[in-house]
Amino acid sequence: MRFRLLKNPINVQWELIPNCNYKCFHCYNYWRTEGNVSGHIDYGIVTSQLIENHIFNVTLTGGEPLLVFSEIKPYIEKMVKAGIKISINTNASLLSNEMAKFFKANNISLLISLPCCVPEINDKITTVKGSFYSTVMGINIAKQNKLNFSVNMVVSKLNKDYVIDTAKFLRNELGLNAINVTKASRPINGSSDFDDYALTLKEFRELLENLIYIKKEYSMSVDSLTVYPECSCDSFDTFNDFTQRKCFAGKTCLAIGYNGDVKACARDSKSYGNLNTKSLQECWKSMDDWRIIDDLKLPQECHDCDSKYSCLGGCRIENSNEIPGKCYRDKANLPIKFEIEAEKDFDYNLTDTFEVISGLLFFEENFGLRGVSLRKDVFFVTQQLYSFMVCHHTFSKEDLMKEFEISSEYANDTLTYLTKKNAIKKYN
Ligand SMILES: C[S@@+](CC[C@H](N)C(=O)[O-])C[C@H]1O[C@@H](n2cnc3c(N)ncnc32)[C@H](O)[C@@H]1O
Ligand code: SF4
Ligand code: SF4
């Protein structure tokens, strides 16, 4: 199986600095043996490359990105002006009203790390006394300034018993209606000592069941921000909600390290070049080993599995020998007995009319065009469908069927796809 090479990546994670004011046990900052690392690539070089390559979403991360807020601010302005959507991963402890106002004005969203609702446990994980209160203060500032943000709790044995309490705290004390809970993976530089604190398969499953409980009992939206193999879940609800996130490293995404190294995934150590000497395009094109999926790239246990091309074997980094993490593959669940609930397609009438939403951008690819809506949804169309959308500001389902000589069902699929991607909207 081979993924198509897009002309440019769509999403980029940019690590602004390696340093942080916290030292979370589950983070590479804690496990660093080389002492303090400092310095970073010239932000102007990276910004120009991101703009030249028409990147749509850039996630600024670190270390702690807010440590370099005043340095990165002018480059954020440039990126936003060029139409790039920015989000920031932060522990929020340094978030000020001034920063929040800037983020609000530039439509920047935040993903805020909060390890636990119990201050002592939170501070034990971050290894910084008072960090719970600093982060909660940051969350309150984000809330007061009506920022678009959500909270991420990374879970190891240290905080696994506080997931439900943390969700309750976010809902009852902070008025939030969503939580992300992500199992702690072994950090890229973490030693095997970390594995004593990683969740067992049983604890991992309990974690996901707790998320289903939070969703049902507290009506909160829940998510988990990493890739889990399809055979890791033994209940329909957890399978349906948490095994559908797939790895897009090297396919639609890449990561830029603080020193300018370009990698397919932030957790990988392999660099495809440095932006001081190579263009982002050159690095992107040379990541072909992430686009070809064959048995050589999959763990031995996956070779005979019917689901291998949808599952891709879970996280490739965790499958590697470099950081052999706990991937939670479980052959006892094979063949996969659950089926994902298909999203319902709309059943449109022949005379239903659709309007092409203005402001769409299109970029040529080798296989057709990549479209981007004003809301930054990315979608793919053939050259013929693109020409049709350009020539017909409004069209009916019947027009579409006649033009492409397709069935009603196929037209429904196409119209549903374009509607969900905010490329068209129903007119009457
Ligand atoms: C490395 S942090 C850097 C940004 C910022 N300092 C923060 O904590 O959000 C980026 C994201 O990775 C998450 N993270 C850190 N260590 C992790 C681990 N071992 N497993 C899974 N996620 C982790 C953090 O919670 C955060 O959402
Ligand atoms: S706050 Fe973020 S970067 Fe800092 S140590 Fe924790 S996870 Fe790592
Ligand atoms: S055996 Fe491998 S490919 Fe199959 S579901 Fe498990 S992890 Fe995925």
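Each residue of the sequence shown is one higher than the one before, counting from -14 in the working numbering. Each residue gets a CB set at the ideal place from its N, CA and C atoms; glycine is no exception. It should be emphasised that the depicted structure is a prediction, and the values quoted were computed from it without experimental measurement.
Ligand 2 has a heavy atom closer than 7 angstroms to the beta-carbon of Asn76. Secondary structure of Ala152 (DSSP, three-state): helix.
Residues Glu0, Lys248 of the same chain have their beta carbon placed closer than 7 angstroms to that of Gly242, with the five preceding and five following residues left out of the count. For Val31, the enclosing alpha helix (DSSP H) has its first and last residue at 28 to 37. Between Phe10 and the set Asn174, Ser81, Ile36, Asn162, the nearest pair of CA atoms involves Asn174.
In the DSSP secondary-structure assignment, Asn165 is bridged to Asn137, Asp208. Looking at the DSSP output, Cys238 sits in a beta bridge with Asn(-4), Ala234.
Three or more beta-carbon pairs separated by less than 8 angstroms link the stretch 89 to 100 to the stretch 127 to 136, which places the two stretches in contact. Look at Val103 here: in three-state DSSP terms it is coil, with no helix or strand label. Cα atoms of Leu196 and Asn76: separation of roughly 22 angstroms, rounded to the nearest angstrom. Counting the other Cβ atoms within 10 Å of the Cβ of Asn82 gives fewer than 16, which makes it exposed.
Beta bridge pairing from DSSP links Asp384 with no other residue. Between Gly235 and Arg276, the beta carbon gap of about 6 angstroms places them in contact (Cβ cut-off 8 angstroms). Bridge pairing for Lys411: Phe339 [DSSP]. Membership of Leu95 in the beta strand (DSSP E) is indicated by the continuous run 94 to 98. Note that the C-beta distance between Asn165 and Ser209 is below 8 angstroms. Spatial neighbours of Lys255 in its own chain (CB-CB distance under 8 angstroms, excluding positions within 5 residues in sequence) are listed in chain order as Lys248, Ala249. Inclusion of Ser170 in the 7 angstroms shell around ligand 1 follows from its C-beta lying nearer than that to a non-hydrogen atom of the ligand. Under the three-state reduction of DSSP, Arg17 is assigned to coil, being neither helix nor strand.
Pairing Ile40 with Pro(-6) gives a Cβ-Cβ distance under 8 angstroms. Within the chosen limit of 7 angstroms, ligand 1 reaches the beta carbon of His11 through at least one heavy atom. A contact is defined here as three or more CB-CB pairs under 8 angstroms, and the stretch 312 to 319 meets this definition with respect to the stretch 272 to 290. As the crow flies, the alpha-carbon of Arg355 is around 41 angstroms from that of Thr185. In the three-state scheme derived from DSSP, where H, G and I count as helix and E and B as strand, Thr44 is classed as strand. Judged by DSSP secondary structure, Gly353 falls within the beta strand (DSSP E) whose first and last residues are 353 to 357. Each residue's CA atom was taken as its position, placing Ala396 and Lys411 some 14 angstroms apart. At the C-beta level, Ile73 and Leu45 come within 8 angstroms of one another. Inclusion of Asn38 and Gln369 in the CB contact set at 8 angstroms is not warranted, their separation being larger than that value. Asn162 is positioned such that its CB atom lies no closer than 8 angstroms to that of Met122.
When beta bridges are read from the DSSP output, Phe364 appears opposite Gly356. Under the 10 Å beta carbon count, Asp226 is surrounded by 16 or more other beta carbons and is classified as buried.
In terms of Cβ geometry, Leu(-9) and Thr237 form a close pair [threshold 8 angstroms]. Assignment of Leu143 by DSSP, reduced to helix, strand and coil, places it in the coil class. When only Cα atoms are considered, Phe323 and Ile199 end up about 22 angstroms apart. Within the same chain, and ignoring the five residues on either side of Leu193 in sequence, the residues whose Cβ sits closer than 6 angstroms to its Cβ are Thr223, Phe227.
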